[in-house]
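So the structure is just underneath, and the comments pick up after that.
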Amino acid sequence: MMSTKITLDHGDIDIDLPAEGQRPRGCDWNESVCTDTPTHTIVVPDHDEDASGPHASTYCARHYAVSLAELLTLHVQQCSGGVREHLSAYGEISAPRWL
Numbered sequence: 001m002m003s004t005k006i007t008l009d010h011g012d013i014d015i016d017l018p019a020e021g022q023r024p025r026g027c028d029w030n031e032s033v034c035t036d037t038p039t040h041t042i043v044v045p046d047h048d049e050d051a052s053g054p055h056a057s058t059y060c061a062r063h064y065a066v067s068l069a070e071l072l073t074l075h076v077q078q079c080s081g082g083v084r085e086h087l088s089a090y091g092e093i094s095a096p097r098w099l
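Residue numbers (the UniProt record's numbering): 1 to 99.
Next comes the structure, spelled out in structure tokens:
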């Protein structure tokens, strides 16, 4: 008889688990779990009147580059809005460049 028990073995990977219901701290990449330390930010303006303001996502260097390239080469090219309507600031967390 075949076992159907599923186990997760992370070996020596140390994942800092937050409070229940929250995602692990680290990179905001949402295609998969990335627990690398965030070093860069992308700030998106909020066009919703009910929201509290711009939304900042923090990424590791690798996912920052992918996210920024995707925004600039794919989304903005197909959207009627300009870059400033999609991006308020970008760059290193310590010193973002504001548009």
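A virtual CB, placed ideally from N, CA and C, is assigned to each residue, including glycine.
Backbone CA spacing between residue i and residue j [nearest angstrom]
i   : j   : result
H40 : V33 : 17 Å
C45 : R84 : Residue identity differs from the one stated: residue 45 is Pro in this sequence, not Cys. Between P45 and R84, the C-alpha separation is close to 8 Å.
R97 : C60 : 17 Å
G26 : V76 : 27 Å
G81 : E70 : 15 Å
Cβ-Cβ distance between residue i and residue j below 8 Å
i   : j   : result
L99 : L87 : yes
S57 : D28 : yes
L68 : I42 : yes
C38 : I93 : Reading off the sequence, residue 38 comes out as Pro, not Cys. Yes, the Cβ-Cβ distance between P38 and I93 is below 8 Å.
Classification of residue i by the beta-carbon crowding that lies within 10 angstroms, buried from 16 upward
i   : result
N30 : exposed
H47 : exposed
Cβ of residue i within 8 Å of any chain D Cβ
i   : result
V33 : Protein chains in the displayed structure number just one, and chain D is not present.
Cutoff 7 Å; reference residue i; Cβ partners in own chain excluding five residues on either side
i   : result
L63 : The residue you asked about is not Leu; residue 63 is His in the sequence shown. Around H63: C27, W29 and C34.
Contacts around residue i, its chain only, beta-carbon distance under 6 Å, and the 5 residues preceding and following it disregarded
i   : result
G91 : R97
At 3 residues or longer, what runs of the beta strand (DSSP E) sit wholly inside the region 23 to 69?
40 to 44 and 55 to 59
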